[in-house]
Each structure stands twice: as structure tokens, then as C-alpha cells.
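Visitor: I'd like to ask some things about the structure below.
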Amino acid sequence: MNPLSPLAGTVAETVRVLHVDDQPEFTDLTETFLEREDERFAVETTTSASAGLDRLAASDFDCVISDYDMPEMNGIELLEAVREQYPDLPFILFTGKGSEEVASDAISAGVTDYLQKEGGADQYTVLANRISNAIDHHRSRQMIERSEQRLREIVDGFPHPVYVVSGEGRYLLANEALASLHDTSIEAIEGAHVTEMLDPSAAEQFMGHLNTVLDSDAQTQIPAVEVTDAKGRERVFRPRMLPHALDIPETKAVLGFAVDVTDRRHRARELEQTRDRMQLALEHTDSVIFDVDLDTKKVIRDGAFEEFFETPPDELPTLEAYSDYAVHPADRAEFRKFYQQLVDGDRDSGEIEYRTNPECGRIRWVRDVVSVERATETGTDHAVGVARDVTEEKERKRTLRQKERRYQAIFDDPNILVGLVDTDGTVLDINQTAMEYIDAAREDVTGELFWETPWFDHSETQQADVREWVDRAASGEYVEFETSLVRPDDEEYIVEGMFKPVLDDGEVVSLIISSRDITAQRTRERELEVMKRRLKAILENTTAPMFMKSDEGRYILVNEEYRELFGLGGETVVGRFDHELHPAEMTEEMRANDRAVIETGEPLQMEERIMAQGEQRTFLTTKSPVYDTGTRSDTDQPVAVFGVASDITERKERKQELQRERDRLDEFASVVSHDIRNPLNVADLRLDLLQDECDSPHIGAIQDAVDRMEDIVGDVLWLAREGKDIGTTEAASLCEVVESAWQVVGDDAEGATLDVEDAELGTVDTDVDRLTQALENLFRNAIEHGDQQVTVTVGQLDSGFYVADDGPGIPPEKRDDVFDAGYSTATEGIGFGLRIVDQVVTAHGWEIEVTESADDGARFEITGVE
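Just add 15 to the spot in the sequence shown (first one is 1) and you have this note's numbering.
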């Protein structure tokens with residue numbers, strides 16, 4: 016038990032535990048073993064959830080343990096009912112029906128812990144520890160809540176005014192001393208502005224000090240001020256303000272307190288009391304306030320230090336200890352240099368940013384803002400500072416830099432012609448891609464009217480068009496265009512693009528021009544027309560639905576079967592898009608698949624659910640890229656998508672039926688696991704208790720029977736859940752796998768020997784765990800049928816390997832039956848071993864055959880092995 020636990024040192028204290036399980040024998044065992052594990056435990060049991068709720072209503076308990084699978088109300092439903100009445104009561108789900116879904120539901124419902132039942136008494140040691148830990152955590156949380164309540168009481172009991180004021184001058188926190196000073200209540204102060212509480216002169220002075228603190232972001236000692244209290248008495252205060260971080264983004268505040276120094280004789284004592292009590296108030300701030308003795312380098316810290324580093328501040332008493340533990344190794348040298356400058360007097364204030372040590376958890380950025388208080392006569396110099404977590408601030412700056420880089424990357428895109436012009440058409444900026452189309456430098460066109468630049472000087476008509484587009488965009492219109500231009504070498508090219516207005520508070524302040532060269536695209540479209548005519552004959556004479564779409568998604572060709580499939584016989588299809596012909600739920604996936612083929616240049620095969628002639632059908636569709644040349648090069652881009660669809664509805668239905676069969680096997684396995692293993696666990700535990708009470712020759716036989724039933728359950732579960740599957744395969748030494756399997760089986764049979772004919776059996780591509788399991792079952796089968804005195808031989812075949820023995824062998828008429836589930840001729844056999852072998856071999860894609868060995872025993876030949 017943890018020596019810091021609230022339960023430590025209270026051995027005589029009784030811990031009351033309520034156990035709910037619908038199996039009385041199991042609850043009796045749980046009560047017995049838990050009370051053996053910890054003498055403080057007093058366990059009460061009920062056999063239904065409703066009875067458990069009645070016991071909770073009638074008496075106090077420290078913890079509830081519950082099974083999951085119970086009639087009337089399962090464990091999750093009981094947990095939800097308990098949480099409604101007792102939201103913080105520790106609740107442990109102790110169940111034999113374990114699954115990820117049950118665990119997920121339990122966690123969602125607020126379970127304290129989750130433990131699956133197992134065989135043997137060791138599980139109760141684990142359960143006892145989980146109970147102690149849950150109660151420890153529950154009591155610790157209660158202590159924290161009481162501490163927070165006491166903190167408010169301490170602040171209100173603080174004899175000097177304490178306050179938190181926002182940057183706008185509103186009181187966010189006040190204590191009783193401040194309220195008494197103004198002869199009002201805390202509620203009247205909190206939310207009020209300083210101008211409502213102080214006279215104009217004092218309010219102006221206060222706001223000046225507040226702004227100084229916020230601007231310097233450092234703690235400030237304010238000169239003594241005189242204040243007339245509510246009774247008209249002149250009092251002298253020495254205020255202190257320091258920056259205070261709030262949870263509200265971009266909101267600043269100061270934490271202030273004022274020591275009444277009217278009586279000079281008590282000044283030192285009152286100041287010390289103020290510091291002690293303020294330390295309690297600062298424990299819940301999200302910043303760390305620290306004071307460094309620059310002679311000894313010892314540090315005193317207040318605030319959220321443990322939230323930063325999950326360690327008490329007194330465990331890192333010096334700057335060196337803090338640097339070694341908390342500061343990122345890459346930032347330690349700069350951190351030590353900064354504070355050494357404070358020690359040496361080379362600086363009196365400053366700030367430093369550094370990362371936290373990754374060994375302390377998530378890496379965060381911390382900013383220390385520090386100022387030095389020099390000793391006047393006696394004493395030592397001190398550095399007083401505030402440490403804040405500035406990770407989010409750093410992330411915002413990083414995000415802004417990323418956006419700036421992304422903008423620059425878009426602007427400099429080598430595939431797009433991008434420019435920025437003023438609303439009057441003056442060119443402000445233009446990218447290098449656009450400059451490559453004219454014989455001029457960027458400075459030659461910057462500052463010129465866009466329509467008077469070299470892109471358009473070959474045509475007055477085109478200049479007029481561009482001027483019109485600029486005017487329309489300047490008025491807020493989104494203008495799209497397509498036009499033909501001429502390079503300096505008189506080569507014509509075609510661009511399409513848009514003028515997009517940039518708005519600021521609804522006013523157009525500039526225009527973005529983006530366009531792309533579509534000369535090759537237009538050429539491809541003309542060539543596609545030629546391809547269309549060539550393919551038309553093919554499409555009209557095939558029985559499978561076929562189609563072709565351009566890279567923009569327009570239909571180029573469809574055959575009659577495609578029209579009939581979607582009932583489009585009387586409609587125009589060519590030239591239209593999917594969203595014009597098909598339901599919206601189909602077109603989004605169709606377009607995504609088309610784009611994948613165009614962008615990757617690779618064929619794509621997918622299953623699609625299609626509403627065909629009023630019926631949902633499943634089609635296997637193959638989409639292939641089409642190029643504008645006979646052969647494809649690395650630089651070619653697809654210009655179209657060609658598709659063929661096959662109806663696989665019946666095949667999918669067969670596959671779904673197989674999945675339903677597997678689900679039924681999983682359900683069967685769950686029943687076997689829960690409804691058979693629970694009584695077996697009870698029987699096994701009862702045997703443990705019985706062995707303690709008496710000595711009977713029947714106990715060993717019962718234990719053997721229980722063990723055999725456990726083996727049967729394990730093999731049945733394996734066959735139901737995993738028998739037809741294998742995991743990841745890898746190249747493995749067959750000799751090493753054989754030796755590993757023999758160590759598990761052969762050690763229990765002293766008279767059995769293993770003979771490997773070849774020193775190196777070679778390497779096989781296999782799931783090592785499954786192959787090991789199969790070999791263990793073959794070896795165990797030979798030992799069981801050979802009366803423990805058997806020699807097992809493993810050797811190579813041309814396409815695999817064999818396992819042979821010198822036992823009694825298997826008669827020819829029985830060899831076809833040995834792989835059936837339940838088949839066994841040995842009195843100790845459970846009839847699943849060779850069935851498991853057959854499943855593992857089949858799952859690998861291998862074949863197995865039973866023959867006679869050279870010593871008249873059994874020989875299993877496994878072939879088709881890579």
C-alpha cells in the first residue's frame with residue numbers, strides 16, 4: 016500500500032465493500048478471499064442489482080463491486096443507477112464477460128475501474144489492490160474540495176485588502192478586508208469599476224500603477240498611499256501589484272494586496288503575514304510566482320508549479336535543480352546564462368522563453384518575466400518573477416507563420432498565373448509563373464495598369480475586355496474569363512481564370528487574378544473527340560455497362576447498357592455531369608473516385624451501391640485512366656476516365672451471410688466463455704479451499720477433470736474465434752519453431768525424444784504463433800498415443816515438411832476422420848488437437864495428409880509451404 020495513501024496507517028479502520036453478482040457461490044468466494052487479503056475489508060453481498068441498490072440506500076459503503084452479465088439489470092445499468100444517487104462512490108466492474116465494447120460502455124458510464132474475472136486466487140490480490148486505490152483516490156479528491164473551500168475562507172479572513180483587477184479596471188476578486196475598508200460588501204465590489212470605489216485622484220493613480228504593471232508584465236512595488244477609510248480615518252497602505260493570468264484569452268489582470276503600515280512598529284510582522292497568506296491564495300493561479308535568493312540561488316515558488324511539472328516545488332529548491340529537472344536539454348545553457356547574468360548584476364530584469372523537459376510529460380513553452388530587488392543595506396539581492404505557460408501563444412504565432420508561408424506558396428505556384436491589382440487596375444504584385452509568358456521584368460509591370468501590360472498589347476479588343484473585367488470585379492462581382500493570348504515568339508496559348516474581389520468590412524480593397532494555361536487541355540479535348548468516335552462502336556456492342564468521362568467529369572461516351580442500368584434511355588447523357596443525372600448520395604462518391612484516377616494515373620476498382628431501375632444493387636466498378644497518346648510517359652496526365660461495371664449483388668449477399676455465420680460463432684464463443692468458465696472458476700476455487708480443509712485422493716482426479724474441461728473450453732473458443740485466420744506472416748527458421756514447440760510439450764514427457772533429420776530445416780513464411788501451436792498439438796498427439804515413450808521425427812519434403820512418430824499409428828480407415836472436432840482415441844485427449852492443426856494448415860494455404868511412418872507409426876505430411 017502507498018505510504019501516502021489516506022488509508023495508510025489506519026489498520027483498524029473498517030472498509031465496507033458491497034459485492035453484487037447473480038452467482039451466490041462466486042460472491043461467497045469473493046467475500047472469503049477479499050477478507051483474507053485485507054483484514055480491514057468487510058464484504059457484504061447481494062445476488063441482484065435491485066437488492067444492491069436497496070443495501071446502498073440502507074447503509075454506507077466505501078466501494079461497490081459488480082458483475083456485468085446479470086438478469087433484470089446488468090452491471091452498466093447498475094453503475095448508471097448508482098451514479099445518479101452516489102456520483103463519487105468508487106465502483107469496480109468485476110466481470111467474466113470481457114470485451115472492448117463492455118469496457119468502453121463502462122468507462123463512458125463513469126466506472127472507477129474494470130477487472131476481468133480469471134481462474135485462481137491471485138485475481139483477488141489484484142482486486143483488493145484496485146479497491147484500496149479507488150478508495151484512496153476518492154478520499155483524496157474530497158480532501159482537495161475541502162482545501163479549496165478553506166482557501167476562500169483564508170482569503171476572506173486575510174486582514175489586509177486583497178483584490179484582482181482586470182486591465183479595464185474592474186474588480187474580479189475582493190476580500191472582506193477590502194470590503195470593510197470601503198464599508199460595503201464583497202458582492203458590491205466584485206464587478207465594480209475602480210472609479211466607483213475610489214475618489215477620482217486615487218482612481219487615476221491606481222489605473223496608472225495598473226497600466227505600468229501590465230505594460231512591464233512584471234511585479235511592481237507601489238509607493239505607500241494614503242486612503243481615507245469609511246469611518247473617515249486616514250490610513251497608510253503599501254500596495255503591491257503583479258501580473259495575473261486569467262483563463263480568458265487576450266484578457267490581462269493584476270493581483271494586488273495592500274499592507275496597512277499605519278502602525279510602523281508592526282510593519283515587518285504584518286508584511287511577513289501577508290506573504291505567508293498570499294502564498295495560499297496563489298496556489299490556485301495558473302502561473303508560478305517565484306523568488307530567487309541570488310546569493311544561494313535557492314528558490315521559493317507559489318502558484319501552479321505542480322500543475323506544470325507534477326512535482327512539489329520544495330523538491331527542486333535551487334535554480335540548478337530546476338534546470339536539470341524541468342528545462343529542455345537544448346535550452347538549459349541559455350537558461351543558466353540568463354539567470355547567471357542576474358546573479359552577476361549584468362541585468363536587473365528581463366524575460367526568457369524555454370521549453371520544458373520531455374521527461375516531465377508534454378513539451379510546453381514557458382516564459383519567465385523577472386526583475387531584481389537589490390538589497391539596500393543588509394540582506395541579499397532577490398530576483399522576483401512570474402512563469403507562465405505560453406504554449407498556446409507560441410502555437411498561434413506558428414500557425415500565423417504557416418498561413419503566411421501557405422499564402423506565399425499559393426502565390427508562387429508554378430502552375431498558376433497569379434496577380435494582385437488595385438481597384439483601379441494598377442498592378443501591385445505578379446508571380447514569376449505569369450512573367451514567363453512575356454518578355455519583361457516584374458518591376459516593368461508593377462505600378463502599370465493591368466490592361467496596358469505586355470500580356471495584352473497585341474489586341475486593343477482584348478485590352479478593352481480586361482478593363483471591363485477589372486471594373487466589374489472592383490464593384491464586387493466574381494468575374495470568370497477565358498481568352499487567347501500570344502507569347503513573344505507569336506505562339507498562341509489559352510488561359511482561363513477569374514478576378515476575385517478582396518473585401519475588408521464589405522468594401523472591395525483589391526483584386527486577386529488567378530488563371531491557368533489550358534492550351535494542352537483544349538488540345539486534348541479535340542483529340543478526345545477522335546477517341547470518342549473510335550470507341551463508340553465498341554461501347555455499342557458490349558453487354559457490360561461502360562462509360563467515359565473527361566477529366567472535368569463530363570460524360571463523353573456511354574453505351575446502351577449503361578443507359579438501361581440507370582433508366583436514362585430517353586435522356587441526353589453526353590456532355591452532362593453525374594449530379595445532373597444521379598441522386599446526390601451517389602454523385603459525391605462517383606466524382607471522388609474519378610478524381611483519384613485522374614490525379615494518380617492509376618486504375619481504381621471499388622464497390623458502389625447504386626439505385627438501378629428502382630432497386631439497390633452492388634456493382635464492382637473498374638475505372639482506368641485514358642491518355643491522349645498511345646503510350647504513357649512520366650509527364651503525361653490522364654485526360655479521361657474509362658469505366659466498366661459488373662453486378663456483384665449476389666456475391667455480396669453471400670459474403671454477408673458468411674459474416675453473419677461468423678457473428679453467430681462469436682456469440683457462441685461468448686456464451687462458452689461466460690456461462691461455462693464461471694462455474695469452472697468456482698469449482699477450481701472451491702478445490703483450493705477444499706485442499707486446505709482435507710486430504711482426499713479424489714481431489715486430484717477432480718482437479719484433472721477441471722483442467723481438462725478448461726482445455727476443452729480454450730480449444731472450442733480458439734476454433735470459434737481464430738481457427739480460420741492467421742496474423743502477420745514472416746520468414747522464420749522452421750528448426751527454431753520446432754524446438755520452441757517441443758520445449759512446451761516434451762518437458763512433461765520424460766520418455767519422449769525429438770529427432771530432427773536435417774540440421775537446418777530451412778525457412779518458412781508463416782504466422783509463427785499459429786505454426787508453433789500446430790506443432791505443439793502434433794507433438795502432444797504423438798506423446799498421448801505413444802504412452803509417453805515415443806520418438807518424434809521432423810524432416811523436410813520437396814514442398815514442405817513432415818512430423819512422424821513410432822507410436823501405434825492411425826489405421827487407414829480412420830485417417831479421414833482424425834481432423835474432425837472431438838475425434839480422439841486417447842483417454843486423456845479432448846478431440847480438438849488435430850482439428851486445430853488442420854485449421855492452422857488450411858489458414859496458411861497449405862495441405863496436410865496422414866500416412867504411415869517408417870516405424871509403423873503416424874506420419875503427417877504438410878505440403879504447399881513457401
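We put the beta carbon where it would ideally sit given N, CA and C, even for glycine.
Check Cys375 in the structure and name its three-state DSSP category.
Guide: helix
Visitor: Can you give me the C-alpha to C-alpha distance between Arg666 and Leu93, rounded to a whole angstrom?
Guide: Whole-angstrom Cα-Cα distance: 44 Å.
Visitor: Measure the C-alpha to C-alpha separation of Val58 and Glu325 and round it to an integer number of angstroms.
Guide: 35 Å
Visitor: Measuring CB atoms only, is the region 431–440 touching the region 333–344, in the sense that at least three cross pairs come out at less than 8 Å?
Guide: The region 431–440, when compared against the region 333–344, does not touch it at the 8 Å Cβ threshold.
Visitor: According to the Cβ coordinates, are Tyr178 and Ala189 closer than 7 Å?
Guide: yes
Visitor: Whole-angstrom Cβ separation of Val510 and Arg531, contact assumed at under 8 Å?
Guide: Your pair Val510 and Arg531 checks out as a contact, with CB atoms roughly 6 Å apart and the cut at 8 Å.
Visitor: Arg347: which of Ala455, Ala559, Ala873 and Val381 sits nearest, CA to CA?
Guide: Val381
Visitor: What's the call for His713, buried or exposed, on a 16-neighbour Cβ count within 10 Å?
Guide: exposed
Visitor: In the DSSP assignment, find the unbroken beta strand (DSSP E) run with Phe496 in it and report its ends.
Guide: Val494 to Val501 is the extent of the beta strand (DSSP E) around Phe496.
Visitor: Shortest alpha-carbon distance to Gly512 belongs to which of Gly206, Val659, Ile533 and Asn148?
Guide: Ile533
Visitor: Between the Cα of Val240 and the Cα atoms of Asp444, Ala273 and Asp230, which residue gives the shortest distance?
Guide: Ala273
Visitor: Where are the beta strand (DSSP E) runs, 3 residues long or more, that stay fully inside the region 199–276, in chain order?
Guide: 240–243, 249–260 and 267–275
Visitor: Going by alpha carbons, who is nearest to Asp75 out of Gly67, Gln234 and Arg539?
Guide: Closest by alpha carbon: Gly67.
Visitor: Please give the ranges of any alpha helix (DSSP H) in the region 323–353, keeping only runs that are unbroken, at least 4 residues long and fully inside the region.
Guide: 334–341
Visitor: Using CA atoms only, rank isn't needed, just tell me which of Gln236, Asp232 and Asn89 is closest to Ala268.
Guide: Asp232
Visitor: Here's a check: name, in chain order, each residue in its chain whose Cβ is nearer than 8 Å to the Cβ of Gly815, leaving out the five neighbours to either side.
Guide: The residues are Trp861, Glu876, Ile877, Thr878, Gly879 and Val880.
Visitor: So, is Tyr493 buried or exposed, given that buried needs 16 or more other C-beta atoms within 10 angstroms?
Guide: exposed
Visitor: Give me the residue from Asn226, Asp128, Leu225 and Ala217 with the minimum Cα distance to Asp244.
Guide: It is Ala217.
Visitor: In angstroms, rounded to a whole number, what distance separates the CA positions of Glu366 and Asn430?
Guide: 46 Å
Visitor: Would you report the Cα separation of Ala764 and Thr806, rounded to the nearest angstrom?
Guide: Rounded to the nearest whole angstrom, the C-alpha separation of Ala764 and Thr806 is 11 Å.
Visitor: What does the alpha-carbon distance come out to for the pair Gly271 and Asp36?
Guide: Computed Cα separation, rounded: 58 Å.
Visitor: Residue range of the alpha helix (DSSP H) that Leu526 falls in?
Guide: Not the alpha helix (DSSP H): Leu526 falls in the beta strand (DSSP E), residues Glu522 to Asp532.
Visitor: In its own chain, which residues sit with a C-beta less than 8 Å from the C-beta of Phe350, not counting the 5 before and 5 after it?
Guide: Ser338, Val342, Ile367 and Tyr369
Visitor: Whose C-beta lies closer than 6 Å to the C-beta of Gln356 among residues of the same chain, with five residues either side of it excluded?
Guide: Arg362, listed in sequence order.
Visitor: Are the CB atoms of Leu196 and Pro215 within a distance shorter than 7 Å?
Guide: The beta carbons of Pro215 and Leu196 sit no closer together than 7 Å.
Visitor: Please classify Phe563 as buried or exposed, where buried requires at least 16 neighbouring CB atoms within 10 angstroms.
Guide: Here residue 563 turns out to be Met, not Phe, going by the sequence shown. By the neighbour-count rule (16 or more Cβ atoms within 10 Å), Met563 is buried.
Visitor: Based on the DSSP secondary-structure assignment, which residues constitute the bridge partners of Glu380?
Guide: The sequence shown places Trp at residue 380, not Glu. According to DSSP, which records beta bridges pairwise, Trp380 is partnered with Arg370.
Visitor: Using three-state DSSP, classify Val721 as helix, strand or coil.
Guide: helix
Visitor: Comparing C-alpha positions only, which one of His859, Asn144 and Ala96 sits nearest to Arg55?
Guide: Arg55 has its Cα closest to that of Asn144, out of His859, Asn144 and Ala96.
Visitor: Decide if Tyr83 is buried, meaning its Cβ has at least 16 other Cβ atoms within 10 Å, or exposed.
Guide: buried
Visitor: I'd like to know if the region 482–501 and the region 516–527 are in contact, where contact means that at least 3 CB-CB pairs between them fall below 8 Å.
Guide: yes
Visitor: What do you reckon, are the CB atoms on Glu623 and Thr636 nearer than 7 Å?
Guide: Contact: yes.
Visitor: Could you give the DSSP three-state label for Glu191: helix, strand or coil?
Guide: helix
Visitor: So Gly400 and Val384 are supposed to be a Cβ contact under 8 Å. How far apart are they, rounded?
Guide: In this structure, Gly400 and Val384 form a Cβ contact; the two beta carbons are roughly 6 Å apart against a cut-off of 8 Å.
Visitor: Once you ignore the five residues that flank Ile237 on each side, which residues in its own chain have a CB closer than 8 Å to its CB?
Guide: These residues qualify, in order along the chain: His224, Arg253, Pro254, Arg255 and Met256.
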